[in-house]
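**Student:** Residue numbers (the numbering used here), protein chains in the order written: chain A, 1 to 279; chain B, 280 to 378; chain C, 379 to 790. Where a beta carbon is used, it is the ideal one built from N, C-alpha and C, also for glycine. None of the values given here were measured: they were computed from a predicted structure.
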Amino acid sequence: MANIPQRIIHEYLRHDKKFPHVWCAGCSNGIVLGAIIRAIASMNLDRDDIVMVSGIGCSSRMPVYVDFNTLHTLHGRSIAYATGVKLHKPNLKVIVVTGDGDCTAIGGNHLIHAARRNIDLKVILINNNIYGMTGGQCSPTTPHEAVATTAPYGNIEPDFNVCNLAMGAGASFVARTTAFHVQEMQGIIKDAMDHPGFSLIEVVSACPVIFGRLNKKGGAPQMMKDFRDNSIPLAAVDKLPPEKVEGKIIRGILRREIRPEYTAQYADLVKRVQAKEGE
Amino acid sequence: MSNKVEKDRMGMIIRAEDTPEKMEVEVTEVKAPGDDDSPVLIYYNWCKKCGICVAFCPTGCLGRKSDGSPYVAAPEKCIHCETCDRLCPDFAITGAKDR
Amino acid sequence: MPKKEIKSKAAPKPKKESIAVKPESKLSELEATRERKNVLMQGNEAVAYGALDAGVNFFAGYPITPSTEVAEILAAELPKRGGTFIQMEDEIASICAITGASLAGAKSLTATSGPGFSLMQEGIGFAKITETPCVVVNVQRMGPSTGMPTSPAQGDMMQAKWGSHGDSPAIVLYPATVKESYELTIRAVNLSEKYRTCVILLLDEVIGHMREAVKLPDMANVRVINRIKPTVPPHWYKHYDENQKYLSPLASYGEGYRFHVTGLTHDSHGFPTNKSSEAAEMMARLRKKIDYNIRDLVQIESYQMEDAKIAIFTAGITARAAKAAIAMARYEGIKVGLLRPLTIWPFPDDAVRKMLRNVETVIVPELNQGQLIHEIQRLTKDKSDGNLIPIQRVDGQLITPNDILRKIKEVS
């Protein structure tokens with residue numbers, strides 16, 4: 001029998017979908033999808049219990065490819081939909097895949113409230129600093145002075161530090177990694193899946209064809225090299241002199257604390273009410 | 280060779296041996312995918328020629344063809360570290376041992 | 379009632395214990411204790427109890443006058459029944475949350491008013507194209523914009539049908555009494571489950587807030603419809619598998635049917651498509667499942683129309699004023715009747731055509747600047763004749779029986 005390759009991706013991707021997938025050459029979305037699949041495969045979760053929700057944008061085209069319960073919702077509203085799914089069936093593992101525009105621009109309100117509630121959603125925010133699907137408009141995470149089709153003279157707006165935003169809103173698990181550090185990303189996704197509470201994973205990722213070209217980043221491999229060279233692990237931050245840390249991408253789990261999780265709180269409330277009602 | 284650094288359309292600095300006329304190996308007779316002894320399996324119909332695998336293969340076992348797609352330039356160098364596996368955005372290459 | 383043990387291969391595998399466990403529903407015990415005697419009940423309260431009796435077990439909403447009482451009552455009642463209540467950060471999040479919950483298997487409902495209804499339009503469109511059952515209660519108030527939050531108006535009737543971009547038919551119900559608010563809430567939930575769509579329940583502020591003596595029926599004779607369950611194993615399942623009545627079974631997340639739902643135009647499996655044939659098929663299903671089931675959907679009240687020379691066509695609170703006007707007019711020997719749609723959309727074309735054939739004049743009183751009247755004009759053959767009389771009021775006050783009586787006398 002010929003040696004027919006049977007890889008992890010073949011088990012977790014929907015075989016009847018069109019491959020290669022829709023993302024551009026060198027786009028990090030495919031890398032993140034691979035990391036998610038490998039993380040979930042290593043945890044042998046029951047696929048019937050995994051729900052992947054996304055909004056609108058390049059990264060939000062991910063759920064259609066994976067063999068889970070998948071939901072491709074409105075621009076910016078994935079977290080609100082995911083809240084509904086999770087609240088009704090708390091045993092489901094709900095993963096939200098979203099982009100920087102989808103999550104922090106139009107969807108910002110839902111992000112900060114879900115974080116405040118600490119509802120058990122795994123939000124994987126693929127931050128490529130641009131609106132890719134619509135052709136390169138600037139987003140809340142487009143760096144200062146970077147070029148975008150709606151910032152042709154350089155972006156004058158300061159950008160969000162997404163992790164600080166989520167931590168400020170009360171997220172109990174916040175981590176950052178880059179598309180290059182795939183091993184670390186896989187580990188962080190696994191930790192987030194185990195974390196009982198709102199988890200935000202910011203993946204600093206490359207959009208070579210649009211953001212990269214507009215800002216002369218030199219192609220996908222070059223952008224990946226930049227991620228490798230311009231990022232430092234959290235642990236090294238206090239060891240290095242300040243000028244070494246300045247402007248670097250800080251990778252790792254920035255916050256992991258146990259706080260009451262929303263659906264557990266609600267289940268307790270129901271038990272309390274029904275007990276009182278029973279008397 | 281002029282000392283001007285040439286970059287290909289993906290912005291990658293072209294190493295001397297990448298330029299077509301310098302390549303010893305003729306593009307067509309490259310190890311076919313699924314070939315038993317090839318350490319690395321490449322799905323050419325999924326590969327979008329982004330060049331990431333070639334750029335980050337730690338042992339330089341992969342080379343880049345003129346059209347930008349990877350090929351196994353030095354099979355013996357492959358250490359099955361699966362970096363190309365993990366970094367490929369299109370799942371188009373695997374160096375896994377037990378694939 | 380013990381959980382039925384499912385033996386088939388497709389049965390969900392036993393779930394390992396996880397942190398947040400869904401509490402067991404206590405509906406059965408609770409029903410026995412609730413005595414259903416004659417009570418003075420508010421419209422919004424009737425909507426809340428209608429939702430509960432229809433089996434709604436998920437509410438996500440946002441406070442807005444004049445519909446907040448629905449949320450407040452469900453916040454107290456749902457936990458008792460093991461249901462879920464959440465106040466979301468805005469109305470957009472509310473419609474999204476109830477749609478998400480419905481996909482996970484919940485019967486879900488939200489309640490809002492004009493401003494919130496406008497915010498929910500994109501979400502309503504998503505629920506319609508993905509054919510996900512849910513109910514939006516819109517207790518109308520004086521618009522536009524902030525308008526007069528505690529004053530009645532009937533200005534959202536066209537928005538209820540055309541509010542979301544793109545065109546997909548709507549099911550909109552419209553009660554005129556507190557008891558009917560209870561009954562039509564149950565009907566709205568049932569229709570949303572059966573037709574797998576977002577059903578809208580329009581109320582007037584006055585009905586939402588006023589109290590009337592109401593005796594809720596015993597649960598025994600409350601007819602509850604649940605979504606059609608798939609009868610095929612997961613690898614056979616098509617998320618849009620219409621039968622001859624264009625209705626499709628619906629699985630839920632977590633049951634082993636790992637289906638895809640998207641707001642993009644999609645094929646029968648739910649995957650995005652740009653093929654015009656598949657797009658046409660999807661749009662046809664959305665339309666036909668309403669058009670081919672008009673008889674089941676349309677519900678009208680024909681009041682003293684048998685010998686009527688003049689007909690009044692209106693809905694909601696204005697119809698009650700019309701009934702009083704009819705009584706006074708009949709006392710003075712004028713033959714006038716009322717045709718009242720309980721289902722605004724799909725519009726009762728046949729009933730209106732029959733009315734137009736039988737009467738000389740039609741009076742359309744409504745608390746807006748002409749919405750229902752356009753539908754009547756659409757159905758009148760001879761557009762030129764002047765016997766279609768509007769009575770319109772947009773000053774925050776109700777149209778009174780005398781307003782209508784005066785007009786009846788004018789035309790009789």
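Tell me the residue span of the beta strand (DSSP E) that contains E744(C).
**Tutor:** Its beta strand (DSSP E) spans residues T739 to E744.
**Student:** So that I know if they touch, is there some Cβ in chain B lying closer than 8 Å to that of V204(A)?
**Tutor:** Chain B, which has no Cβ nearer than 8 Å to the Cβ of V204(A), makes this no.
**Student:** Who are the near neighbours of H613(C) in its chain, counting only those whose CB is closer than 7 Å to its CB and skipping five residues on each side?
**Tutor:** Cβ within range, chain order: n/a, list empty.
**Student:** Grouping DSSP H, G and I as helix and E and B as strand, with all else coil, what is R77(A)?
**Tutor:** Looking at R77(A) - three-state DSSP - the assignment turns out to be coil, as it is neither helix nor strand.
**Student:** If A482(C) sits next to A438(C), beta carbons under 8 Å apart, how far is it from one beta carbon to the other, in whole angstroms?
**Tutor:** Not confirmed; about 13 Å, so no contact.
**Student:** Compute the distance between the beta-carbons of L628(C) and I603(C), then report whether it is under 8 Å.
**Tutor:** No. Outside cutoff.
**Student:** Give the residues from the segment 419-445 of chain C that approach chain A closer than 7 Å (Cβ to any Cβ), ordered along the chain.
**Tutor:** The residues in question are F436 and A438.
**Student:** Please tell me whether A729(C) and T778(C) are closer than 8 Å, where the distance is taken between their beta carbons.
**Tutor:** In this structure, T778(C) does not lie closer than 8 Å to A729(C) by Cβ.
**Student:** Of all the residues that make up the segment 16-35 of chain A, which are near chain B by a beta-carbon distance shorter than 8 Å?
**Tutor:** If the cut-off is 8 Å between Cβ atoms, the segment 16-35 of chain A has F19, P20, H21, W23, C24, A25, G26, C27, S28, N29, G30, I31, G34 and A35 near chain B.
**Student:** Rank V237(A), C24(A) and R176(A) by C-alpha distance to the C-alpha of N245(A) and give the top, closest one.
**Tutor:** The displayed chain sequence assigns Val, not Asn, to residue 245(A). The option with the nearest alpha carbon to V245(A) is V237(A).
**Student:** When you compare the segment 690-706 of chain C with the segment 513-533 of chain C, are there three or more beta-carbon pairs, one atom per stretch, that lie closer than 8 Å?
**Tutor:** A contact exists between the segment 690-706 of chain C and the segment 513-533 of chain C.
**Student:** Using a Cβ-Cβ distance under 8 Å, would R7(A) count as near chain B?
**Tutor:** Yes, its Cβ sits closer than 8 Å to a Cβ of chain B.
**Student:** Using three-state DSSP, classify Q537(C) as helix, strand or coil.
**Tutor:** In the structure shown, Q537(C) sits in a helix (DSSP, three-state: H, G or I).
**Student:** So which residues of chain A does A352(B) contact, with C-beta pairs closer than 7 Å?
**Tutor:** Those do not exist, as A352(B) stays about 16 Å from chain A at its closest Cβ, beyond 7 Å.
**Student:** In chain order, what residues of the same chain lie with their CB nearer than 6 Å to the CB of K400(C), ignoring the 5 residues before and after it?
**Tutor:** Bear in mind that a pLDDT of 49 at K400(C), under 50, signals an unreliable position, so the model cannot answer this.
**Student:** By Cβ distance below 6 Å, which residues in the same chain neighbour M706(C) in space, the five residues on each side in sequence not counted?
**Tutor:** So the qualifying residues of the chain are L783.
**Student:** Are any of the Cβ atoms in chain C nearer than 8 Å to that of K89(A)?
**Tutor:** Cβ-Cβ to chain C under 8 Å: yes for K89(A).
**Student:** In this structure, how does DSSP classify Y560(C) when only helix, strand and coil are distinguished?
**Tutor:** Helix.
**Student:** Tell me the DSSP secondary structure of G99(A) in three-state form.
**Tutor:** Strand.
**Student:** Mind reading off the beta-carbon distance from R663(C) to E620(C)? Whole number of angstroms is fine, and I expect it under 8 Å.
**Tutor:** With a Cβ gap of about 5 Å, R663(C) and E620(C) count as contacting.
**Student:** For K122(A), which three-state DSSP category applies?
**Tutor:** Of the three classes helix, strand and coil, the one that applies to K122(A) here is strand, per DSSP.
**Student:** Residues of chain A with CB closer than 8 Å to the CB of K327(B), please, in chain order.
**Tutor:** Within 8 Å Cβ-Cβ: P20, C24, A25 and G26.
**Student:** Please list, in chain order, the residues of the segment 215-244 of chain A that have any C-beta partner in chain B closer than 9 Å.
**Tutor:** Within the segment 215-244 of chain A, the qualifying residues are K216, K217, G218, G219, A220, P221, Q222, M224, K225 and R228.
**Student:** Do S54(A) and V97(A) have their beta-carbon atoms positioned less than 8 Å apart in this structure?
**Tutor:** It is a contact, given that the beta carbons lie within the stated cut-off.
**Student:** Using the beta-carbon count (16 or more within 10 Å), is K393(C) buried or exposed?
**Tutor:** With a pLDDT of 49 at K393(C), under the threshold of 50, the modelled position of this residue cannot be trusted; read the value that follows with caution. Answer is exposed; the Cβ neighbour count stays below 16.
**Student:** Are the beta-carbon atoms belonging to D102(A) and G76(A) less than 8 Å from one another?
**Tutor:** Cβ atoms of D102(A) and G76(A): closer than 8 Å.
**Student:** What number of angstroms, rounded off, separates the C-alpha of R343(B) from the C-alpha of I37(A)?
**Tutor:** If I take the Cα positions, the gap works out to 28 Å.
**Student:** If we ignore side chains and look at the alpha-carbon of each, how far apart do D268(A) and Y350(B) end up?
**Tutor:** Each residue's Cα considered, the two are about 58 Å apart.
**Student:** Taking the DSSP output, what are the residues bridged to T477(C)?
**Tutor:** None, per the DSSP bridge assignment.
**Student:** Please work out which residues of its chain come closer than 7 Å, Cβ to Cβ, to T362(B), disregarding the five sequence neighbours upstream and downstream, and give them in chain order.
**Tutor:** The answer, listed in chain order, is F335, C336 and P337.
**Student:** I'd like the ranges of any alpha helix (DSSP H) spanning at least 4 consecutive residues and lying wholly in the segment 679-718 of chain C.
**Tutor:** Within the segment 679-718 of chain C, the complete alpha helix (DSSP H) runs of at least 4 residues are 694-709.
**Student:** Can you name, in chain order, every residue of its own chain whose Cβ lies under 6 Å from the Cβ of C24(A), other than the five neighbours on each side?
**Tutor:** Once the five neighbours on either side are set aside, the close Cβ partners of C24(A) are V209.
**Student:** Using a threshold of 8 Å, state whether the C-beta atoms of Q775(C) and L766(C) are closer than that.
**Tutor:** No, these two residues do not count as a Cβ contact at 8 Å.
**Student:** Inspect the beta-carbon positions of K122(A) and T263(A) and report whether they are closer than 8 Å.
**Tutor:** No. Outside cutoff.
**Student:** Am I right that V434(C) and V639(C) are in contact with their C-beta atoms under 8 Å? What's the rounded C-beta distance?
**Tutor:** About 21 Å separates the two Cβ atoms, so there is no contact after all.
**Student:** Output, in sequence order along the chain, the residues in the segment 344-376 of chain B whose CB is closer than 9 Å to any CB in chain A.
**Tutor:** Of all residues in the segment 344-376 of chain B, G347, T362, D364, R365, L366, C367, P368, D369, F370, A371, T373 and A375 have a Cβ within less than 9 Å of some Cβ in chain A.
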